[in-house]
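Chemist:
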């Protein structure tokens, strides 16, 4: 029972955070809202017995990625006048919401049609690091390798893109 | 002849074309291209000699390609394709030995073009045919687009989009035919011979028939689908104009005989008059249009279109004589109009102009050139003793059988061609020498020896046509018999139903 | 009797080989030409060789029984498709042998004459190459074993005619005349080819895959249906009107005089233009069965004769006069073959070739002497300077006018008499009138050129007789023009009609008998008309000719009744204008319209859709969401 | 009930889309995309729980890796854009305009 209660609380926080992300004008505020959402999502992962994902969500997402975003926002030293004027923002928001209602409705309908089970904590190592690691390195080895390659490429790419250009290249 | 001769013939130029790109020098590329086309020529001639003229497919090569859809990589030659094959094999070395040197990519494109054309001619499987048919367009696209005249881009777009539109229609037709076979026999196949068992008519078959016809009519081109032709022929470099008019247009004709006649016999018979009239209109219309041209190449473009009209007439008249005539004319036209394009190319290289008004008196400077040009031109107007006559005569003869009145109109080919060609010859070769023409030099020894074989072929085909006709005629007989078979069956069926009542 | 021989092919092949060799030599050495003697020697080999073979053939045929007098040679199958089977073969029977004789004989003479006439010309070698080519083609035409093989020669002579008319290519008018000849001939060829095609389809069941040659056609001719047969005859006759310059296709022949004079003599008077008559006679077995076709031929012929004779009376150019006279005489021949008097028509071809070649060569000598002056009103009094030429020209004119006992008299009178005997009295009447006109214009020419006072003193002073290489052929031809008529002396003069008898196996002819009295009266009448014509010409032109501007009908006649202008205005100009219209207007604006329309449509659609391409990624995302949303609405229906 | 988790993921995803289409600030757009990835992750994990297999979680892990990569690249691009144009308005970049 307490799981459902916790889920409701986390869900509300997550939704509120995400709405904040969309609605705040300054990216810094949005970023903080996103961090809130991510942390509450981490909680939800825990409720779903995904221990490793819970950890990763906290460390990688809420930690590393958000820190990077926040860092860059601060690095660029954004002031009010740097921000784009978004007067038509609310028109778009309302229009978008109207457009998305059928999408959401359809998807929710699909989700609801899945035969559900009552959520409870699953024991015997489900979602723990060791079991997950075994699956990852037996069934998912090749995708794993590809992902690592992707990260490498990203690294190089980011350096190339954001790195300092010589004058002659411009 | 060795078993995979056709495969070699098709892929040798394609592979060589790719390799040519890595040649160190332009000259080397040209020489390599020349020798490759010479090898193809030798294979082609050997095939022609070995061909026994019994009417069936020979030199067949068949290997499964996509078994799940019944697609085979099938090649073969019969009487219908023999002369087209021979033409594209024999005349090709010419484009490498005359005319100004071009870049490596140009020669690579030409070789690719030859390979694709040979592939389309030899294919016995519809899918293989379609693939080569489309590949054929690629080198044309590049050679016109890169090496063409000042308005080349518009011309390239027009020819490419026009022909692609046609071939997409044909693709639909091909799938329809295969699907019909599948419904009737429960197997997928794209093999020509097996699909010939179908005789499609009525309903969607009519549309599929028109799709095929439009695709070929664009390629040939038959009036009123010819509007890409003047631009493309005029803007293309001479070698490409030559390839387009001498060989590629013929593959449209060939396709019509090979695919439309067997698959849609009844439809074809009911539409024949319509297309025949289109052919006549095109023949006369383009012939008259040629008179209004100042640009020799444009005039020849219309001339070519006019002659293609005659060839189309020969097919639509649907008897042995006219169809033989059409097939013969395919080769004859390549030796006359096709070669005229090369001559005009030479003229343009030397004088930097193709304007009839700027020329005059070339015959005094260049008697050999003038003589060669005149021979090709006379063959073009169908003078007996040259290659042009036999085809035209047989076509007119056949058309008279089909309909006296249409035969009369077809006969006008004798008149329209002469009018503009003589006029052009007079203005370019006779009269007073113009300033531009004074720069002209006669053919070099090398050029003379390049063109000499063609001249000999022109006369040989006019005097000993039976050498060629005897090889293709049995196949034509079969084709015609096959064409009328479904119609006769229907007649018999109707008679039976009448007697039943 | 063995009918197959293997030397027939030599007859056309010798001149053709000569043409090839000469052409090659000329083409390769035209910058620094070889000596003229070499060319003329090589050029003579072909015609003379052919002449020798012709004599052999003639003697061989004479030894054969009259009913089966023919020789054939089948070389190879030319082409065969379905049940059409055409052999490349030659066929010599009395008819073709007669043609062979005078073609090779006169051809050789004119070759000799040309050696003198063309001396010093720039393209000496080319001229003889073309001449040999012409002779070869003409011999193929005559010897061909069927209409299709004949067509090689038929077109070949047309080509040579084109090449030789436009021989002086630097002048545009000459080339235009050549073009005109070729194109007008092509119009006729259209008729010929269609005629052959219709003939084939009419006969193909009777032929049953056998060779499409005269022997088989003749054998199967009876199976033709009436309509087909008539159509064949009329279509073939269209071909004949083109080649033999009959109305309405005669217009090219007067212009063809642009060529060198020996060319006019050989091609446009003696040989090529008679091909149409040869062809009609060759198909006599068809024409004889369709009297209507024969009537058409006869009427077209006689009316052409009349028209050309009238025009000929008013011309100023010496060669044009002769050209119209040729058209007129050809009309006679057609009248002859049209009324089924084939041998009479052919005999006129034979005699005509002598006297017309003579007249042309004589005119050539005059032109040569006066340095290419062709206007008869600038000549005069040449009798003293050129007595020999004068004599032969008078002989030629008498023969042309049909004055006894010269060659033209017997042949022409035979035609007129046969027309009368077969009941075509209108044709006879017109024919007699034409005879009078002929006498008038030929003596107008003689009087203006040779009599009276010189009207151009300077060129008169320079005039001289041509060299012997030119005069000898003239003399030989003059002898021919005088005596050729006696070869076919009719029974009226107690002759044995040698030529008619010789030709009989080749032709399907029914002799009609008329009383000797009628024949005598008709003959006297035509002689009287001829004398009247000569007298009128003498009165008008012999002593004090006046070159005053012509008016009224005469003006019309001088301007050739504006036939050329009519063709120009109603066929040539519209044709060209139509060509221009097509390329400037119809092609880009009408035929290309669907293509242009398609591109326009795409352009408009592009402009339309461009509005949606704001360029902001966000906006594209919105489109995506719109699509997603619509899809969701659609999908939730089915859920 | 597990489907509640899925419904949450749908809601978050839709809010993410809303962010992408309504905002012009490139930072916010980037973060909205992150949010959408998170929503997808949630769905994966929920399905993993539903079927009691761990493949869903593996996928979620990979998505996290990809998201990290995407964030790194995205930020690099943002820096580049800011340096070139001096603005953070996505409307400035309209090279796709027809």
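Chains as they are written, first to last, in the working numbering: chain A, 34 to 203; chain B, 13 to 513; chain C, -3 to 635; chain D, 75 to 172.
Every residue gets a Cβ at the ideal spot worked out from N, C-alpha and C, and that includes glycine.
All values reported here derive from a predicted model rather than from experimental measurement.
#1: Give the residues of chain C in contact with residue 145 of chain A, contact being defined as C-beta atoms less than 8 Å apart.
#2: Chain C partners of residue 294 of chain B, CB-CB under 8 Å?
#3: Please confirm if residue 598 of chain C has its CB atom under 8 Å from at least one CB of chain D.
#4: By Cβ distance, which residues of its chain are closer than 6 Å to residue 121 of chain B, with the 5 residues on each side in sequence left out?
#5: Between residue 139 of chain D and chain C, is the shortest Cβ-Cβ distance under 8 Å, so that the two count as touching?
#6: Whose C-beta lies closer than 6 Å to the C-beta of residue 203 of chain A among residues of the same chain, with five residues either side of it excluded?
#7: Are residue 322 of chain B and residue 407 of chain B close, meaning C-beta to C-beta below 8 Å?
#8: Spell out whether any CB of chain C is found under 8 Å from the CB atom of residue 132 of chain D.
#9: Beta carbons nearer than 7 Å to chain A: which residues of the segment 99 to 114 of chain D have them?
#10: Under three-state DSSP, which class holds residue 209 of chain C?
#11: Suppose contacts are defined by Cβ-Cβ distances below 8 Å. Is residue 382 of chain C in contact with residue 407 of chain C by that definition?
#12: Under 6 Å Cβ to Cβ from residue 93 of chain A, same chain only, skipping five residues before and after it: list those, please.
#13: Could you confirm whether any beta carbon from chain C is found closer than 8 Å to the beta carbon of residue 169 of chain A?
#14: Listed from N- to C-terminal order along the chain, which residues in the segment 118 to 143 of chain A have their beta-carbon within a distance smaller than 9 Å of any beta-carbon of chain C?
#15: Just to confirm before moving on: does the CB-CB distance between residue 123 of chain D and residue 81 of chain A stay below 8 Å?
#16: Whose C-beta lies closer than 7 Å to the C-beta of residue 400 of chain C among residues of the same chain, with five residues either side of it excluded?
#17: Which term fits residue 63 of chain B, buried or exposed, when burial requires 16 or more other beta carbons within 10 angstroms of its beta carbon?
#18: If we define contact as Cβ-Cβ less than 8 Å, is residue 228 of chain C a contact residue for chain B?
#19: Kindly confirm or deny that the segment 372 to 391 of chain C and the segment 458 to 476 of chain C touch, where touching means at least three C-beta pairs closer than 8 Å.
#20: What separation, rounded to the nearest whole angstrom, lies between the Cα atoms of residue 219 of chain B and residue 179 of chain B?
#21: With DSSP as the reference, label residue 135 of chain B as helix, strand or coil.
#22: Taking Cβ-Cβ distances shorter than 8 Å, what residues in chain D pair up with residue 101 of chain A?
#23: Sort C:331, C:437, C:13 and C:611 by Cα distance to residue 132 of chain C and report the nearest one.
#24: Hey, out of D:95, D:87, D:76 and D:85, whose CA is closest to residue 123 of chain A's CA?
#25: For residue 74 of chain C, which three-state DSSP category applies?
#26: Against residue 618 of chain C, what residues of chain D qualify as contacts under a CB-to-CB distance less than 8 Å, listed in chain order?
#27: Is any beta-carbon of chain A found at less than 8 Å from that of residue 628 of chain C?
#28: Answer with yes or no whether the minimum CB distance from residue 105 of chain B to chain C is below 8 Å.
#29: Check whether chain C comes within 8 Å of residue 164 of chain D, counting only Cβ atoms and requiring the distance to be less than that.
#30: Can you give me the start and stop residues for the alpha helix (DSSP H) that residue 98 of chain A sits inside?
#31: Between residue 220 of chain C and residue 190 of chain C, is the Cβ-Cβ spacing less than 8 Å?
#32: Residue 34 of chain A CB to nearest chain D CB: under 8 Å?
#33: What alpha helix (DSSP H) runs, 4 residues minimum, are completely inside the segment 173 to 197 of chain A?
#34: Just how far apart, CA to CA, sit residue 280 of chain C and residue 334 of chain C?
#35: Between the segment 84 to 99 of chain A and chain D, which residues of the former have CB atoms less than 8 Å from a CB of the latter, in chain order?
#36: Select from C:496, C:88 and C:224 the residue whose C-alpha is nearest the C-alpha of residue 0 of chain C.
Modeler: Let me lay it out:
#1: Near residue 145 of chain A there are no residues of chain C at all, since even the closest Cβ is about 10 Å away, more than 8 Å.
#2: Going along chain C, no residue has its Cβ under 8 Å from residue 294 of chain B, so there is no contact; the nearest lies around 10 Å.
#3: no
#4: 151, 154 and 155
#5: no
#6: Residue placement at residue 203 of chain A is flagged as unreliable, the pLDDT there being 44, under the threshold of 50; the coordinate-derived value follows with that caveat. So no residue of the chain qualifies.
#7: yes
#8: no
#9: 99, 101, 102, 105, 106, 108, 109 and 112
#10: coil
#11: no
#12: none
#13: no
#14: 125, 128, 129, 131, 132, 133, 134, 135, 136, 137, 138, 139, 140, 142 and 143
#15: Going by C-beta atoms, residue 123 of chain D is nearer than 8 Å to residue 81 of chain A.
#16: 523
#17: So residue 63 of chain B counts as buried.
#18: no
#19: Three or more beta-carbon pairs separated by less than 8 Å link the segment 372 to 391 of chain C to the segment 458 to 476 of chain C, which places the two stretches in contact.
#20: In this structure, the straight-line span from the alpha carbon of residue 219 of chain B to that of residue 179 of chain B is close to 14 Å.
#21: In the displayed model, residue 135 of chain B falls within a strand according to three-state DSSP.
#22: Per Cβ cutoff of 8 Å: 145, 146 and 149.
#23: C:13
#24: D:95
#25: The answer is strand: DSSP assigns residue 74 of chain C an E or B state.
#26: 95
#27: yes
#28: Chain C places no beta carbon closer than 8 Å to that of residue 105 of chain B, leaving this residue out of the contacts.
#29: yes
#30: That residue, residue 98 of chain A, is in no alpha helix (DSSP H); it is neither H nor E in DSSP.
#31: The answer is no: Cβ separation not under 8 Å.
#32: no
#33: 174 to 195
#34: 10 Å
#35: 85, 86, 89, 90, 93, 94, 97 and 98
#36: C:88
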